[in-house]
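Right, one structure below, let's go through it.
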Amino acid sequence: MSILVGRETRLVVQGITGREGEFHSRQMQAYGTRIVAGQRPGKGGQRALDGSVPIFDTVAQAVAEAGANTSVIYVPASGAPDAILEAVDAGIGAIFCITEGIPALDMLKVVPVVEAAGAKLIGPNCPGATSPGRAKVGIIPASIHREGRVGLVSRSGTLTYEVVQAMSDAGIGQSTCVGIGGDPIHGLTFSDVLALFRDDPETDAIVLIGEIGGSEEEQAAAFAAEQLQGMPMVAFIAGRTAPEGKRMGHAGAIVSGGMGTAAGKVVALEAAGVRIAASPTEIPRLLLSAGVRPQ
Amino acid sequence: MSILVGRETRLVVQGITGREGEFHSRQMQAYGTRIVAGQRPGKGGQRALDGSVPIFDTVAQAVAEAGANTSVIYVPASGAPDAILEAVDAGIGAIFCITEGIPALDMLKVVPVVEAAGAKLIGPNCPGATSPGRAKVGIIPASIHREGRVGLVSRSGTLTYEVVQAMSDAGIGQSTCVGIGGDPIHGLTFSDVLALFRDDPETDAIVLIGEIGGSEEEQAAAFAAEQLQGMPMVAFIAGRTAPEGKRMGHAGAIVSGGMGTAAGKVVALEAAGVRIAASPTEIPRLLLSAGVRPQ
Amino acid sequence: MKLQEFHARQLLRASGLPVPAWSVATTPHEVGEAAVGYLAGGAERVVVKAQVLVGGRGKAGGVKLAANPEEAAAIGRAILGMEIRGIRVRRVLVAPAADIVHEYYLGAVIDRAARRILLMGSAAGGVEIEEVARTDPAAVVRVHAHPHLGLLGYQARQMAFALGLGAHLAEAVAIARGLVATMVANDADLVEVNPLAIVRERASDGTETLSLQCLDAKVTIDDSALPRHPELEAMRDLDEEDPADVEARAADLSFIKLEGTIGCMVNGAGLAMTTMDLVKRAGGAPANFLDIGGGARSDKVATAMRLILSDANVRAILVNIFGGITRGDEVARGLIEARAQQERDVPMVVRIVGTNAAEAATILEAAAFETATSLDDAAARAVAAAERAGAAA
Amino acid sequence: MKLQEFHARQLLRASGLPVPAWSVATTPHEVGEAAVGYLAGGAERVVVKAQVLVGGRGKAGGVKLAANPEEAAAIGRAILGMEIRGIRVRRVLVAPAADIVHEYYLGAVIDRAARRILLMGSAAGGVEIEEVARTDPAAVVRVHAHPHLGLLGYQARQMAFALGLGAHLAEAVAIARGLVATMVANDADLVEVNPLAIVRERASDGTETLSLQCLDAKVTIDDSALPRHPELEAMRDLDEEDPADVEARAADLSFIKLEGTIGCMVNGAGLAMTTMDLVKRAGGAPANFLDIGGGARSDKVATAMRLILSDANVRAILVNIFGGITRGDEVARGLIEARAQQERDVPMVVRIVGTNAAEAATILEAAAFETATSLDDAAARAVAAAERAGAAA
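In the order they appear, the protein sequences are chains A, B, C and D. Under our numbering, the residue at position 87 of the first sequence is numbered 87, and the numbers go up by one with no gaps. Counting from 1 along the second sequence, just add 295 to a position and that's the residue number in our numbering. Counting from 1 along the third sequence, just add 590 to a position and that's the residue number in our numbering. Counting from 1 along the fourth sequence, just add 983 to a position and that's the residue number in our numbering.
Okay, structure coming up:
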């Protein structure tokens, strides 16, 4: 098994005809991800990816006619909230929104609809998820992965790639790597993903890559203390040197009113028994010392 | 037992200081209904009904401080949707909205919120409910009732009183009489109330008073066919002579595009094994012939 | 409340929908003037449409095309003053006739069962949607708007694709969303465009363009919402209303005139319908639906009586009151007052039960009213009284 | 994006909130003129407030009262041109001083954990809400707006009653709902009124009235929403921005100037923060946060380099690129171009891994760049280089 993406994934790419959509669709297909449909209003009936994938006007058609169960969104910010709602309405179970720059108030409206429908939204402004050897959805580079039994969840993109690369280099493979996105309002939280890893028989340990802003790391710490005893967990928190009141690139990465500091998150996680890495390069070492075996 | 209202009812009256609110509160109290609170923004701290009932500014206070679990709304149409939402948010389980003249689009917004919270809304534009000998909530005259084991559900007010009076005169008592309201968009439907009667050990037979417009009687027929076999059911449908395209007093009582006719409803109910009364006065006779015994 | 077509067009246009130009004319001369303008502007013909709130204008000869101003004026002369289903035409709408490539239907209603705004579309425009629904249900496309967020972009696209409007996607999406937005902004319970049409237009250099346009508009407003829309209340067409309806509304009575001979005065809508049904069952025909509402006082009773008697067909009156909030004695006193003012002597059967029914009985007896106790009995007596009065007349 | 107080007041007023009159002045003369008007209009004093986007204006002497026009002009002269936390005051706001009976706090923010708009209120106005939350958490009243329906009437009433504003219920409800409406209409992520005050006003006949008024306003706009609000983008105060920030925004780079000596150029926000953290851990201090984004081309690299070097404190540069979408060789070529244009010679440590890292290594080696492979090693080398450069300077 694995979480969120795997061999059972039947992907529809929303915005498959755009530059990013097409580029990453090729990467995903090359990795072995089963892309069953593309979607682009007005291009229904055409085919994408050298004729290998049918394009539909609507996600509902992609579900009905191609059996899509997962979607990935490469639609500009102005259209992305609608794309998410369309996927939810079509009955898609897992929706990965790569799009960056969606206004927070739009997401405040979208997230309750997603939750009421029981769907899983990953992102927006996220790199997607990869279950090495099975499937990848999103934009995480394929080359950095190694099959294994450590689950990774992160708010970041390239920082995640660094950590995954370091793990793979150390012989530590991953069950699934999930980027939940850098926006303040998004779908699955750290705790949501931790719960999925807890229930995944092929995940033995967890790496969490957090950053300043919000309180999801603190909530994850509470979840870990209650629900993940016995499962080794290592965390790294970015932004210890970030000044207060400034957005550090990610819309969600901001310390304000003394809340959301890296120090606070580190304290909470340590109190929950999570090992804290001072640098991403320390993560493989901490995993090994926690009993994770290279494969 | 009984449904919706009973000895366990702890009522807050929203709009207790208005003319209608006060008048009917006295009637309800006289009947034995436990009114634990009144609510009227700005009159918190005062007392109503000759000092017997505390008034609160908010429904949340009425719940927290007086333990209200049921509310009845006598607030003008412009404020009633907000009053319903306030009751839902305060955790009230059963909300009776007596108010007439709420725009349909307001109710389209309110009903999904009520349903998402798992609360029960009865009305708007309804007379309320009475469980004879236990409690009454709303405006149904107390004198017409008789304790017994027939449940009654209706879209109408005075027509209901007629039927209840006729039943009581014939010695047929009621478990609970519920008016679901004459507006096109409302809370509990006929089928919802039928399901409550099905699960009530003290209800042995059901009377349904429908009228033209909408399709709730047809849905109730389908429900009865599937779920109420073995429970005698009698129905009367008002509006056989109503012309198409005109609202017959109730906002919801309209035949349009050939849909919502009395004839269609009668056919559907008859097909489900429901006995149809040609006049309200026939109802007691049909109940007796269906095996209901006078008490 | 139904709006006239020209008012409905105003609302659609205010929501940004593409509604072609129109004028409203009340004289043949104005019709001709309007035609001059549109024909000079490039239209090959103009359409003249009777502005009445009843259906079937076309079949009744209330919609005609004209190729020149003289013909337009002549048509205007023919239509203005014409009666359509009993309604005299006082206004016509004049508009350039469109070169229609294809007609669609698009309409928003309130779906009571789903508790959502329902947008219905059909590629078979120009005919009534109920007709399409009956003969070819699969040809009706249905999309429910989100209860809080309205019609979402993807929903509008689904409608557009299902109607085969992919080539006009952006226009169709804007129109579908605009239709629902019009409904929400105005508290309408129906907003209908039929036909929505692909229209061909030729520029002076001969190039042709195709665009989606709303060629007709039907809007009805939720009566319950009128108090918060004075601008819509102001659109009410009093010319087209029966004076009795106007008086009933002023007195806050729910009154609907029917074809029969037995006037009905009842408290409560369900009971009022039932009373009509029982009159019919007893062999008579109700002259009206009339709900005097809860807690009706004697002045309301007097107004109700006047409304009933304003109908010359009425031969008997059936009063049926179940006293809950309404007090029976109050109604009885109202009846006596009303009878005193009454110019026409019509037999009356009165049934008052419930709150203060005994007091009412005493009052009615003293005033020598014919009374009844059961519903069925009251109906039978009223029918008999009407028959007697009919035979005497 | 933070708005100046006078812009924030405009937005509140546009939403119908009670914001007393104000003027904006850029010269002492204008301050005096404005004061004349308000004092003539009945105000006993006027308040002159520096318009800057940093906190602590009051403590820095940027907010003063004046009893006559001369005093107002003098205060204007003192404040205009003053520096507050490094920002020069170019504009002041002049307003009649209110006779404050009681001060409240009311503010709307986005609650990330609850995924709702959160309205916070406190009866202890005039102080920062974070301060109240720290010292007396129970004194902060919290109400979450409905995600689709906004702040409902009953929620606004709950807030009003909890703050003890029952005597001003209608006003408080309108202000609370207006605050959230302002947030939604403008895609703000903060709308704050502090103080919201009960103000006493005396009419000429001596009668006193008490009313709720918004005496200060703070609004910040969600940067992601600025593309759909050109009218708000136009409120951006370029005078108050570092030219480097303006250039970064134009080049679509995420750049934040800091106090240290080691310039950082990284792709990805998380990695950029981490790079700063590792510089610190290695004993150095980062001069900036800089995310060049995904798929950055060589021209973007050149702009990034120019931004870093515009800071005179920079003694070394650390380039850290993880090639995913971004191609390492492209960045390497960009670095060579940038170095060629560079006016100041600053040591550079480059780490490029991931996509096309091998090609990048070849290019960098040929151009004699100092390279590193691990993150920690790169940080340590950059710190060492900065120390050498510092010692040499």
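We put the beta carbon where it would ideally sit given N, CA and C, even for glycine.
Could you work out which residue in the options is closest to residue i when comparing CA atoms only?
| i | options | result |
| --- | --- | --- |
| residue 807 of chain C | C:834, C:650 and C:782 | C:782 |
| residue 1043 of chain D | D:1050, D:1052, D:1064 and D:1025 | D:1064 |
| residue 299 of chain B | B:334, B:439 and B:367 | B:367 |
| residue 602 of chain C | C:961, C:778, C:797 and C:620 | C:778 |
| residue 752 of chain C | C:771, C:776, C:695 and C:960 | C:695 |
| residue 450 of chain B | B:437, B:532 and B:442 | B:532 |
| residue 938 of chain C | C:864, C:908, C:664 and C:765 | C:908 |
| residue 1234 of chain D | D:1010, D:1363, D:1281 and D:1263 | D:1281 |
| residue 1029 of chain D | D:1209, D:1352 and D:1056 | D:1056 |
| residue 114 of chain A | A:202, A:67 and A:90 | A:90 |
Tell me, please, whether the CB atom of residue i is closer than 9 angstroms to any CB atom in chain B?
| i | result |
| --- | --- |
| residue 1137 of chain D | yes |
| residue 1099 of chain D | no |
| residue 769 of chain C | no |
Could one say the Cβ of residue i lies closer than 9 angstroms to chain C's Cβ atoms, at least one of them?
| i | result |
| --- | --- |
| residue 282 of chain B | Only positions 296 to 590 of chain B appear in this structure, which leaves residue 282 of chain B out of reach. |
| residue 535 of chain B | yes |
| residue 361 of chain B | no |
| residue 506 of chain B | yes |
| residue 456 of chain B | yes |
Pick helix, strand or coil for residue i, following the three-state DSSP scheme.
| i | result |
| --- | --- |
| residue 203 of chain A | coil |
| residue 1372 of chain D | helix |
| residue 848 of chain C | coil |
| residue 483 of chain B | coil |
| residue 708 of chain C | strand |
| residue 665 of chain C | helix |
| residue 434 of chain B | coil |
| residue 751 of chain C | helix |
| residue 1034 of chain D | coil |
Between residue i and chain D, is there a C-beta pair that is closer than 9 angstroms?
| i | result |
| --- | --- |
| residue 156 of chain A | yes |
| residue 355 of chain B | yes |
If you measure from the beta carbon of residue i to each beta carbon in chain A, is any gap under 9 angstroms?
| i | result |
| --- | --- |
| residue 1358 of chain D | yes |
| residue 1105 of chain D | no |
| residue 1199 of chain D | no |
| residue 994 of chain D | no |
Taking only heavy atoms of the ligand GDP into account, decide whether any of them is closer than 8 angstroms to the Cβ of residue i.
| i | result |
| --- | --- |
| residue 1360 of chain D | With respect to the ligand GDP, the structure shown offers nothing to examine, as it has no ligands at all. |
Does the region 1305–1324 of chain D come within contact of the region 1339–1357 of chain D, defined as at least 3 CB pairs closer than 8 angstroms? Yes, the region 1305–1324 of chain D is in contact with the region 1339–1357 of chain D.
Using a Cβ cut-off of 8 angstroms, which residues of the region 749–767 of chain C contact any Cβ in chain B, in chain order? The residues in question: there are none.
Count the C-beta pairs between the region 792–806 of chain C and the region 750–768 of chain C that are closer than 8 angstroms, then say yes if the count reaches three, no if not. Yes: the two stretches touch, three or more of their Cβ pairs being nearer than 8 angstroms.
Any chance the region 239–251 of chain A sits against the region 187–200 of chain A, with 3 or more Cβ pairs inside 8 angstroms? The answer is no - the region 187–200 of chain A does not touch the region 239–251 of chain A, with fewer than three Cβ pairs under 8 angstroms.
Of the residues that make up the region 1255–1273 of chain D, which ones have a beta carbon closer than 7 angstroms to any beta carbon in chain A? Correct list: 1255, 1256, 1257, 1259, 1260, 1261, 1263, 1264, 1269 and 1272.
Could you list the residues in the region 44–56 of chain A with a C-beta less than 8 angstroms from some C-beta on chain C, going in chain order? The region 44–56 of chain A vs chain C, Cβ under 8 angstroms: 44.
Residues from the region 901–927 of chain C in contact with chain B, defined by Cβ distance under 7 angstroms: Taking 7 angstroms as the cut-off between beta carbons, the residues of the region 901–927 of chain C near chain B are 912, 914 and 915, in sequence order.
Quick one, which residues of the region 660–691 of chain C are near chain A if we go by CB-CB under 8 angstroms, in chain order? Those would be none; no residue qualifies.
Indicate whether the contact test is met: 3 or more Cβ pairs, each with one atom in the region 1073–1084 of chain D and one in the region 1007–1015 of chain D, closer than 8 angstroms. Three or more Cβ pairs drawn from the region 1073–1084 of chain D and the region 1007–1015 of chain D lie within less than 8 angstroms of each other, which places the two stretches in contact.
Residues in the region 547–577 of chain B having any Cβ partner in chain D nearer than 9 angstroms: Listed in sequence order: no entries.
Across the region 1290–1306 of chain D and the region 1242–1259 of chain D, are there enough close Cβ pairs to call them in contact, namely three or more that are closer than 8 angstroms? Segments in contact, yes.
Would the region 446–462 of chain B count as touching the region 856–876 of chain C if we require 3 or more Cβ pairs under 8 angstroms? As far as the Cβ criterion goes, the region 446–462 of chain B touches the region 856–876 of chain C, which means the pair count is three or higher.
Using 8 angstroms as the cut-off, can you tell me whether the region 820–829 of chain C makes contact with the region 381–390 of chain B, which would need three or more C-beta pairs spanning the two stretches below that distance? No, the region 820–829 of chain C is not in contact with the region 381–390 of chain B.
Between the region 316–331 of chain B and the region 248–265 of chain A, do three or more beta carbon pairs fall short of 8 angstroms? The count of Cβ pairs closer than 8 angstroms, one atom from the region 316–331 of chain B and one from the region 248–265 of chain A, stays below three, leaving the stretches out of contact.
Does the region 110–124 of chain A come close enough to the region 157–164 of chain A that 3 or more CB-CB pairs lie under 8 angstroms? Output reads no: the region 110–124 of chain A does not touch the region 157–164 of chain A.
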